[in-house]
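Final position of the sequence shown in the working numbering is 437; the numbers increase by one with none missing.
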Amino acid sequence: VQLQASGGGLVQSGGSLRLSCVASGSIGRVDVMAWYRQTPGKQRELVASITSLGSTNYADSVQDRFTISRDNAENTVYLQMNSLKPEDTAVYYCSAKPDWAAYPYWGQGTQVTVSS
């Protein structure tokens, strides 16, 4: 099972980015897909998650600015990030938990940098 994240980059404050993450391999049915982020010296934090039925959950800091979505047929999860702020700067990681697995799989991370 592999997760490949893409879409990170450098953007000015107030700008937008869209992250994508594709899960491949013998992953089967995926229950929860999510995006996390991490900055140096801090713990990885949940940004947003989405279940296979489309139920979503967001961190308070990104509510109303970020939107998570997924394509179940393609095992792909997206994160549309609008009104970006410098404090959104981090490495963003995607995760996918198959319904047969005890723990989620992780992608390699993609850097998002928001300049002020």
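By construction, the Cβ of each residue, glycine as well, lies at the ideal position given by its N, Cα and C atoms.
Check                                                                                                     : Outcome
Bridge partners - D392, DSSP secondary structure assignment                                               : T397
Nearest candidate by alpha-carbon position, reference W427, set C342, G330 and T410                       : C342
Validate contact between the stretch 322-340 and the stretch 365-382 using beta carbons, cut 8 Å, 3 pairs : no
Per-residue DSSP class, three states only, for P407                                                       : helix
C-beta atoms of Q438 and S416 nearer than 9 Å                                                             : Any answer about residue 438 is impossible in this case: the structure gives the chain only from 322 up to 437.
CA-to-CA distance, T410 to Q364, given in whole angstroms                                                 : 14 Å
CB contact flag (A355, L367, <9 Å)                                                                        : yes
6 Å Cβ shell around S370 - same chain, five flanking residues per side excluded                           : V353, A355 and N378
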